[in-house]
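J.:
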Amino acid sequence: MSAFRPDRRGNGGTGKIAPPTQRTIWRRRTMLIRIDEASGHAGAEIEIRGWLYHKRSSGSIHFLLVRDGSGVMQAVVAKQDVSPSIFTAAAELTQESSLIVRGVVRVDPRAPGGHELTVRDLQIVGLAKPYPITPKEHGVEFLMDHRHLWLRSRRQHALMRIRAEVIRAATEFLDRNGYLRMDAPILTPASVEGTTTLFETPYFDLGKAYLTQSGQLYNEAAASAFGRVYCLGPTFRAEKSKTRRHLTEFWMLEPEAAFMELDEYMEFAEAMVCAVVTQVLERRRADLQVLERDLARLEAVRAPFPRLSYDEALSRLLAAGKPLPWGEDLGGDEETVISAAFERPVFVHHYPARCKAFYMQPERDRPDVVLSADLLAPEGYGEIIGGGQRIHDLPLLEQRLQEHHLPERVYQWYLDLRRYGAVPHSGFGLGIERSVAWIAGIEHIREASMKRRTQMAERSMQTT
RNA sequence: UCCGCGGUAGCUCAAUGGUAGAGCGUCCGGCUGUUAACCGGAGGGUUGUAGGUUCGAAUCCUACCCGCGGAGCCA
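Everything in the first sequence is counted per the working numbering, starting at 162 for the first residue and increasing by one.
1. Report buried or exposed for Leu459, applying the criterion of at least 16 other Cβ atoms within 10 angstroms of its Cβ.
2. Let me make sure I understand the geometry here. Which of Glu361, Leu423 and Ala331 has the alpha-carbon closest to that of Ala399?
3. Answer yes if the stretch 583-600 comes into contact with the stretch 541-555, meaning at least three C-beta pairs across the two stretches below 8 Å, and no otherwise.
4. Roughly how many angstroms separate the alpha carbons of Ser610 and Met321, rounded to a whole number?
5. With the cut-off set at 9 Å, would you say Glu594 and Gly541 are in Cβ contact?
6. Let's test the definition: count the other Cβ atoms within 10 Å of the Cβ of Lys517 and tell me whether it reaches 16, buried, or not, exposed.
7. Quick check: the Cα distance between Ser200 and Asn338, rounded to an integer number of angstroms?
8. Give the DSSP bridge partners of Tyr371, in chain order.
9. Do the stretch 404-417 and the stretch 434-442 meet, that is, are 3 or more Cβ pairs less than 8 Å apart?
10. What's the call for Glu569, buried or exposed, on a 16-neighbour Cβ count within 10 Å?
11. Buried or exposed: Tyr364, going by 16 or more other Cβ atoms within 10 Å of its Cβ?
12. Can you tell which of Tyr520, Ala598, Arg525 and His586 has the C-alpha that lies nearest to the C-alpha of Tyr572?
13. Classify Arg580: buried if its beta carbon has 16 or more other beta carbons within 10 angstroms, exposed otherwise.
14. Near Ala205, what residues of its chain come up, given a Cβ to Cβ distance below 8 Å and the 5 sequence neighbours on each side ignored?
15. For the beta strand (DSSP E) that Phe629 lies in, which residues bound it at each end?
16. Let's test the definition: count the other Cβ atoms within 10 Å of the Cβ of Glu326 and tell me whether it reaches 16, buried, or not, exposed.
17. Could you check the C-alpha separation between Gly225 and Arg613 for me, to the nearest Å?
18. Can you tell me the Cα-Cα spacing of Val507 and Pro296, whole angstroms?
19. Go through its chain and collect everything with a Cβ distance to Tyr340's Cβ below 7 Å, but skip five positions before and after it.
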C-alpha cells in the first residue's frame, strides 16, 4: 500500500517516522512544513504530514483536502503525474486517514486558500475506518458523543485557538502589570465559601478532601506575600446545573491585588477584558470569521464600561416590566435585560450583602450592601466576572464566619491575613469558557471546553 | 429537584391507524479542475424498553429508560 521508498527517508529503512525536533526540518530537497506556512513556499517541493479532511475524485484526478492541525490544504493527485501505485493509494484514502504527501506548492486560484500541492509522492500511514462525522449536518447529541473526533473539525479548531488566545492575552496582560502567577491548590480541606456543593474525594485515612471551587482564599494569602498575584486552573462545582452557561468543571482566572479598592478593581478588570478582546480580534480574526462572529460587536468593546449599582439595576428592571424585590439576586433573565441595554460589558456593583459571600467588604455608610462588582457580557451571555473588595478587618471577618456558621478553626490561617499587616484588597474570577463563548459568539458554553462536564454528561464520563 | 420537548437506517429527517421512505455516508461502476463535486447501481430497520387497545400500531393508552432545552446554583 505504501508508495514510499523507505530508503529515501533517511531513517535507516525502518519505515518509521522520525519525530520532528524543530518546526522546520530539511531532508534533501524536501522540506517538512506545516500547512499554515505553505504560502511562503510556492514553487518549492515540500512534505506535509496530516489527515484526509475530505476528498473529491474523478476518473484520473483526485483532490485531497489535507489537514495537519495548522490548516487545510488541497493536494492534487493527477494520474499522469504519479506512479499507478500512488494513484491507487489516493483512490483508497478514506476520510480522516492519516497520510504523508510530498509535492510542489503551486499558486492556483481554483484551490481553496489560493495555493495547492501537486502531489508527487504519497504514503498512507493509517487507513481510517468509515468516519462517523460526515460532511453533512449532525445533531449536538451525536457530536458530543463523538467529541474526541469532533475536535478535528474546522469550527472546533477555531474555537480552541480562540480559547488559547483568550488565556494567552489575559495572562500576558497580568504579567505585564506585575502580577505573579501562583497557582492555588486543587485539593482543599473545606469549602471556600461554605455555600456551593463540592465534589469530595477520600484523602488517605485522614477523611475527605474537596475539589476546589475557587483559588481565592489562597490568592489572598499570596497577595499579602507578593502584592499582585493570579491563579489559573480548573474549578469544580457539584451543582446539577443544566444550562448553556454552566459546567461542573471549568477554568477560572483569578487575579488578586493588595491595596486595591473597588473602583480600581473595576478599572483593572475592564482593561484586562479590553486587552483580551483586542488581542483575539488581532490574532484570531480568521477563526472568528469561521464562526461567523459579528466583529462589529467585538470592536465596540472599549473602556469605559457602564457601571450600574444594584439599586440602579432594579430601577431598570422595573422600567422594563420585570420588577425584582430588593435583596434578590439577579437571575439569568434579569442579567439579559440589563446587558441588552448596552453594547459593552456592564458592571453591576454594590449588591446586597446577603447575595454575596461572607468575605465581601461592606460599604462604609451602608452595611447592607457590599463592595462587589460583577461584569455582565453583552448579547445575553451573562456574568463572566465576579469579584470585589474583601474584608480586611479582623473582628468583622470573625463576625461574618459566625453568621455563616463556618468553623472558625478551619479559617485560622485566613484570619491570620488580617492579624499580620491587613490591607484593603480586591480580586475577581474570570470564567474562561464563558468568556470564550461570548467572544466567539457560540450558543453554548460546552463547545468552549475540550470535554464538557455537566451533570447529565454521564455517558461520556463512562468512556472519557 | 421542578417545567417543557424529544427518541424511526451509521447521520439528518419524513411517514398521524392500512406494505417503513428520502438525502448524505458506506460498497460497486463512470468521469482530468473538483469546491458539502456530479451521474448510475447495491446494501442498510426488533421504529428507546415493557405491557395494553385494535382485524391491523412508528402512529393511540400506561409505566419505565435515555437525551435535549430552561429554572435554581454561579464563572
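Yeah, the Cβ is synthetic: ideal placement off N, Cα and C, and Gly gets one too. None of these values were measured; they are calculated from a predicted model.
T.: Taking the structure as given:
1. buried
2. The residue with the shortest Cα to Cα distance from Ala399 is Glu361.
3. yes
4. 8 Å
5. no
6. buried
7. About 37 Å.
8. Thr349 and Glu361
9. Result no; under three Cβ-Cβ pairs closer than 8 Å.
10. Exposed is the call here.
11. With fewer than 16 other Cβ atoms within 10 Å, it is exposed.
12. Tyr520
13. exposed
14. Met192, Val265 and Val266
15. Since the first and last residues shown for the chain are 162 and 625, residue 629 lies out of range.
16. Around the beta carbon of Glu326, 16 or more other beta carbons sit within 10 angstroms, so the residue counts as buried.
17. It should be pointed out that residue 225 corresponds to Leu in this sequence rather than to Gly. Distance between the alpha carbons of Leu225 and Arg613: 32 Å.
18. 40 Å
19. So the qualifying residues of the chain are Arg389, Val390, Tyr391 and Pro416.
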